[in-house]
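Numbering (our numbering), first residue to last: 341 to 581. Here a beta-carbon is modelled for each residue, glycine too, at the ideal position from N, C-alpha and C.
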Amino acid sequence: MSNLFVANWKMNMMRDEARAYASELGSEIGDGIPGAELVVAPPFTTLDHARDSRERWAIGGQNVSEHAAGAFTGEISSMMLADAGCRYAIVGHSERRTLFGEDGPMLSRKLARCREARLVPIYCVGESAAERARGLTTVVLAAQVETLADDPPNDPLVVAYEPVWAIGTGVAATPADAASAAACLRGLLVTRSDIRILYGGSVNPGNAAELLVQGGVDGFLVGGASLNAKTFAAIARAGPA
Ligand code: PGA
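Structure (structure tokens):
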């Protein structure tokens with residue numbers, strides 16, 4: 341399976357910027373990067389503008405409602421994302437967990453909505469600095485993986501290990517940290533038939549190759565460094581062709 345590189349724009353980019361990014365990313369990658377599958381997860385308002393007419397990258401939602409449809413002002417459903425051309429949806433990013441109070445039961449409903457719409461969830465897990473300091477990383481990962489208990493084991497799944505202390509801080513995990521978390525997750529998810537484990541947290545073109553190879557992951561979820569098309573393409577080129 342090819343490696344997966346996901347650009348999480350978070351709450352950035354106006355429509356003109358999204359269009360310009362798409363055109364720049366297209367010229368950067370030409371006919372595509374061998375061995376790499378790319379996903380761009382833009383804000384909902386730029387889903388159309390970030391799309392590639394040649395489908396060299398897929399589009400993903402950054403979030404999805406736990407509800408299917410109805411009177412939920414401000415929410416975006418999984419069916420709406422699919423209708424807008426999304427193939428993926430990020431579920432349980434640490435910013436959603438900590439800033440918006442998303443917990444395990446809510447995230448398991450979001451995963452179920454993704455499956456109804458045939459969206460592949462990019463399910464985010466990772467410990468905080470305090471949890472890490474107390475040696476709780478594997479305990480936290482195991483608890484967060486519990487949320488996947490009802491998720492169909494043969495459906496494609498992406499799990500992103502994103503230690504909270506590495507997100508947006510400029511301090512990435514070491515390849516050894518990433519490797520031990522990835523091994524832990526593979527062990528916890530051994531019954532899954534189609535799974536990719538990503539790393540996320542301060543990935544940049546300078547640390548990508550080492551994190552990918554020594555970290556034993558199948559790609560990256562990239563925040564800040566994904567806002568520049570050239571930089572994102574450079575990260576996606578880090579893998580072996
Ligand atoms: P970062 O964010 O690359 O800016 O650290 C990663 C993420 O939040 O997905």
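>> In the DSSP output, which residue or residues are listed as bridge partners for L344?
In response: In the sequence shown, counting from the first residue as 1, residue 344 sits at position 4. Answer is E377 and G559, bridged to L344.
> To which residues of the same chain is A409 closer than 8 Å at the C-beta, ignoring the five residues directly before and after it?
Replying inline: Working through the sequence shown from its first residue, we reach residue 409 at position 69. Same-chain partners within the cutoff: S417 and M419.
> Under the criterion of a Cβ to heavy atom distance below 8 Å, does K350 qualify as lining the ligand PGA?
Replying inline: Position 10 of the sequence shown holds residue 350. Yes - the ligand PGA has a heavy atom lying nearer than 8 Å to the Cβ of K350.
>> Out of T509, Y361, P580 and I462, which one is the CA nearest neighbour of L552?
In response: Along the sequence shown, one-based indexing puts residue 552 at 212. Out of T509, Y361, P580 and I462, P580 has the C-alpha closest to the C-alpha of L552.
> In angstroms, rounded to a whole number, what distance separates the CA positions of L484 and G444?
Replying inline: The residue you call residue 484 lines up with position 144 of the sequence shown. The residue you call residue 444 lines up with position 104 of the sequence shown. As written in the sequence, residue 484 is Gln, which differs from the Leu given in the question. When rounded, the distance between both Cα atoms is 7 Å.
> Based on Cα-Cα distance, which residue from A573, I535 and G556 lies nearest to N544?
Replying inline: For the purposes of this step, residue 544 is taken as residue 204 along the sequence shown, with counting starting at 1. Of the listed residues, the one whose Cα sits closest to N544 is A573.
> Taking DSSP as the reference, what is the three-state secondary structure of P382?
Replying inline: Here residue 382 refers to the residue found at position 42 when the sequence shown is read from its first residue. DSSP places P382 in coil when its eight states are reduced to three.
> Is DSSP giving P515 helix, strand or coil here?
Replying inline: Mapped onto the sequence shown, residue 515 falls at position 175. If DSSP states are grouped into helix, strand and coil, P515 belongs with the helices.
> Should S468 be listed as close to the ligand PGA, given that the test is whether its C-beta is under 8 Å from any heavy atom?
Replying inline: In the sequence shown, residue 468 corresponds to position 128, counting from 1. S468: no, Cβ never under 8 Å from the ligand PGA.
> What first and last residue would you give for the alpha helix (DSSP H) that runs through R436?
Replying inline: Counted from its first residue, the sequence shown places residue 436 at position 96. Start and end: S434 to L439.
> Can you name, in chain order, every residue of its own chain whose Cβ lies under 6 Å from the Cβ of T531, other than the five neighbours on each side?
Replying inline: As a first step, residue 531 must be located in the sequence shown, where it is residue number 191. Only P493 meet the Cβ criterion.
>> Considering only the alpha carbon of each residue, which of A578, A576 and A569 lies closest to S363?
In response: Numbered from 1 along the sequence shown, position 23 holds the residue referred to as residue 363. That would be A569, whose Cα lies nearest to the Cα of S363.
> Which residues bound the alpha helix (DSSP H) around P445?
Replying inline: Taking the sequence shown and counting its residues from 1, the one referred to as residue 445 is at position 105. Taken as a continuous stretch (DSSP letters only), the alpha helix (DSSP H) holding P445 covers G444 to E456.
> Which residue comes first and which comes last in the beta strand (DSSP E) that contains G540?
Replying inline: Looking up residue 540 in the sequence shown gives position 200. Counting along the chain, the beta strand (DSSP E) containing G540 begins and ends at I535 to G540.
> Around the C-beta of P374, are 16 or more other C-beta atoms found within 10 angstroms, so that it is buried, or is it exposed?
Replying inline: As a position in the sequence shown, residue 374 is number 34, starting the count at 1. Per the 10 Å Cβ criterion, exposed.
> With respect to 8 Å, is the separation between the Cβ of L561 and the closest non-hydrogen atom of the ligand PGA below this value?
Replying inline: Residue numbering aside, residue 561 sits at position 221 when the sequence shown is read from its first letter. Result yes, Cβ under 8 Å from the ligand PGA.
>> Quick check: the Cα distance between S367 and Y361, rounded to an integer number of angstroms?
In response: Along the sequence shown, one-based indexing puts residue 367 at 27. Along the sequence shown, one-based indexing puts residue 361 at 21. If I take the Cα positions, the gap works out to 10 Å.
> What residue from E377, V480 and N348 has the CA that sits closest to S342's CA?
Replying inline: Residue numbering aside, residue 342 sits at position 2 when the sequence shown is read from its first letter. Checking every option, the nearest Cα to that of S342 belongs to E377.
> For N547, which option in V498, D534 and G510 has the closest C-alpha, if you only look at C-alpha atoms?
Replying inline: Reading the sequence shown from its first residue, position 207 is the one you call residue 547. It is G510.
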